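**Student:** My questions all concern the structure below.
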Amino acid sequence: MKNPYLILSLVAFLLVLYICLYVYYKKGKRKIINVKLQKSRIEILREYKEYDADHEEIRYGYSFKMNNEVPKLLEKYNFSEYMKGISPESDDFVFRLLSFVGEHFRHNSEISLPHNHTIVDIIEAYEQNGKKTNCRGLSLILAELLRINGIKARHVTCKPFEEPFNDCHVVVDCILPSGKRIMLDPTMRLYLKNKQGEFISIERFREGLIEGEQFFENKEASYNGGKFDRVWYMEYMSKNLFRFSVSLDNADVRREDERREVELIPRDYKIEGFPRWKVFVYNPSSFWKI
Numbered sequence: 001m002k003n004p005y006l007i008l009s010l011v012a013f014l015l016v017l018y019i020c021l022y023v024y025y026k027k028g029k030r031k032i033i034n035v036k037l038q039k040s041r042i043e044i045l046r047e048y049k050e051y052d053a054d055h056e057e058i059r060y061g062y063s064f065k066m067n068n069e070v071p072k073l074l075e076k077y078n079f080s081e082y083m084k085g086i087s088p089e090s091d092d093f094v095f096r097l098l099s100f101v102g103e104h105f106r107h108n109s110e111i112s113l114p115h116n117h118t119i120v121d122i123i124e125a126y127e128q129n130g131k132k133t134n135c136r137g138l139s140l141i142l143a144e145l146l147r148i149n150g151i152k153a154r155h156v157t158c159k160p161f162e163e164p165f166n167d168c169h170v171v172v173d174c175i176l177p178s179g180k181r182i183m184l185d186p187t188m189r190l191y192l193k194n195k196q197g198e199f200i201s202i203e204r205f206r207e208g209l210i211e212g213e214q215f216f217e218n219k220e221a222s223y224n225g226g227k228f229d230r231v232w233y234m235e236y237m238s239k240n241l242f243r244f245s246v247s248l249d250n251a252d253v254r255r256e257d258e259r260r261e262v263e264l265i266p267r268d269y270k271i272e273g274f275p276r277w278k279v280f281v282y283n284p285s286s287f288w289k290i
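One point on numbering: in the numbering used here, the residue at position 34 of the sequence shown is 34, and numbering is uninterrupted.
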């Protein structure tokens, strides 16, 4: 009869070996990708400013789930009263929603989102975490509030050159009722205009930073109720406007990791070592067309 303790020991050893190899493989796949260049952020962005519009890509499109009911939980924040008297067909309605999120929800980059990512899940977790959430949570809240009111919007993850990265930023890409495109940053209660007073989209923001264009914030812009620092923000976004990741399915879903995503990257950006399931695209016209 075989020694049962010997068999159990062998099984335990093989299990530990499997776990160690799995962790090693996973880390090995992530630690070698695109070490940060020894250049300033704006220099890196300018070096990789070009996309590849002729790249042969998968065919893809975006879907939007619009006009859901307003969650009852929002009445704890007097949502109906706050939005009273302004039509969703007005651009001002979008800016009122941005102000609502900015006044009632605070940011903390150290807070992790809950496993489920519906607007209700995020707000409930916010209340349990000292009334703070991260930039993704704020953008998911704002984007869903916009879609609830029939305004096409999605959250966009803005990433730096290096992978893995220690920090990224999430903002909202929105089509105003007037048809104009705009970037909304609920973390900063912010939107931008150029010298001509035109609203700035995420795409235009990247182009303008590369060209040294000057942008101006709305007067309500602030961080957690305090001062907005324009110089710091422009430097920060010079880092995080390098590549962009978006969901193809824009809806109030429980599991964000179930969303299909594409990531827009510049021409000549190396993708060796990235997970095989990642879908990279190079044509900005297709990526930004919603």
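Cβ atoms here follow ideal geometry from the backbone N, Cα and C, with glycine treated the same way. Just so it is clear, the structure is predicted and the values come from calculations on it, not from any experiment.
Cutting at 6 angstroms between CB atoms, please list the residues of its own chain near residue 118, excluding the five before and the five after it.
**Tutor:** Your numbering for residue 118 matches position 118 in the sequence shown. Hits under 6 angstroms: 252 and 254.
**Student:** Using the Cα positions of residue 238 and residue 192, report the straight-line distance between them to the nearest angstrom.
**Tutor:** In the sequence shown, the residue the question calls residue 238 occupies position 238. In the sequence shown, the residue the question calls residue 192 occupies position 192. The straight-line gap from Cα to Cα measures roughly 15 angstroms.
**Student:** Looking at the structure shown, is residue 368 part of a helix, part of a strand, or coil, going by DSSP?
**Tutor:** For residue 368 there is no data in the structure shown, the boundaries of the chain being 1 and 290.
**Student:** Within a Cβ cutoff of 6 angstroms, which residues of the same chain sit near residue 265, ignoring the five residues on either side of it in sequence?
**Tutor:** Indexing the sequence shown from 1 puts residue 265 at position 265. Result list for residue 265: 243 and 280, in chain order.
**Student:** Starting from the Cα of residue 98, find the closest Cα among 113, 157 and 79 and give me that residue.
**Tutor:** Here residue 98 is taken as the residue at index 98 of the sequence shown, counted from 1. Looking at the Cα atoms, 79 is the closest of the given residues.
**Student:** To the nearest angstrom, how far is the alpha carbon of residue 68 from that of residue 74?
**Tutor:** Indexing the sequence shown from 1 puts residue 68 at position 68. Indexing the sequence shown from 1 puts residue 74 at position 74. When rounded, the distance between both Cα atoms is 14 angstroms.
**Student:** Where does the unbroken alpha helix (DSSP H) through residue 148 begin, and where does it stop?
**Tutor:** Along the sequence shown, one-based indexing puts residue 148 at 148. Its alpha helix (DSSP H) spans residues 135–148.
**Student:** Can the beta-carbon of residue 186 be found less than 8 angstroms from the beta-carbon of residue 149?
**Tutor:** Along the sequence shown, one-based indexing puts residue 186 at 186. Along the sequence shown, one-based indexing puts residue 149 at 149. No, they are not a contact pair.
**Student:** State buried or exposed for residue 39, treating a residue as buried only when at least 16 other CB atoms are found within 10 Å of its CB.
**Tutor:** As a first step, residue 39 is located in the sequence shown; it is residue number 39 there, counting from the start. Residue 39 is exposed by the Cβ-count criterion.
**Student:** Just verifying my parser: in three-state terms, what is the DSSP assignment at residue 228?
**Tutor:** In the sequence shown, counting from the first residue as 1, residue 228 sits at position 228. In the structure shown, the three-state DSSP call for residue 228 is coil.
**Student:** Using a Cβ-Cβ cutoff of less than 8 angstroms, which residues in the same chain neighbour residue 122 once the five nearest sequence positions on both sides are dropped?
**Tutor:** Within the sequence shown, residue 122 is the residue found at index 122, counting from 1. Answer for residue 122: 113, 114, 133, 137, 140 and 141, listed in chain order.
**Student:** Rounded to whole angstroms, what is the Cα-Cα separation between residue 224 and residue 61?
**Tutor:** Numbered from its first residue, the sequence shown carries residue 224 at position 224. Numbered from its first residue, the sequence shown carries residue 61 at position 61. Roughly 35 angstroms separates the two Cα atoms.
**Student:** Which of the three DSSP states, helix, strand or coil, is assigned to residue 284?
**Tutor:** Here the question's residue 284 lines up with position 284 in the sequence shown. Helix, per DSSP.
**Student:** Rounded C-beta distance between residue 160 and residue 90? I'm assuming under 8 angstroms.
**Tutor:** Walking along the sequence shown from the start, residue 160 turns up at place 160. Walking along the sequence shown from the start, residue 90 turns up at place 90. About 36 angstroms; that fails the 8 angstroms criterion.
**Student:** Could you pull the start and end residues of the beta strand (DSSP E) that residue 173 belongs to?
**Tutor:** Here residue 173 corresponds to residue number 173 of the sequence shown, with the count starting at 1. Counting along the chain, the beta strand (DSSP E) containing residue 173 begins and ends at 169–175.
**Student:** Which residue's Cα is closest to the Cα of residue 288: 201, 94, 104 and 232?
**Tutor:** Translated into positions along the sequence shown, residue 288 becomes position 288. For residue 288, the nearest C-alpha among the options comes from 201.
**Student:** If you count every other CB in all the chains shown that lies within 10 Å of the CB of residue 250, and 16 or more means buried, which is it?
**Tutor:** Here residue 250 refers to the residue found at position 250 of the sequence shown. That one is buried.
**Student:** Indicate the three-state DSSP secondary structure (helix, strand or coil) for residue 153 in the structure shown.
**Tutor:** Along the sequence shown, one-based indexing puts residue 153 at 153. Residue state, collapsed to three classes: strand.
**Student:** Between the C-alpha atoms of residue 229 and residue 220, what's the straight-line distance to the nearest angstrom?
**Tutor:** Here residue 229 is taken as the residue at index 229 of the sequence shown, counted from 1. Here residue 220 is taken as the residue at index 220 of the sequence shown, counted from 1. Their backbone Cα atoms lie some 12 angstroms apart in a straight line.
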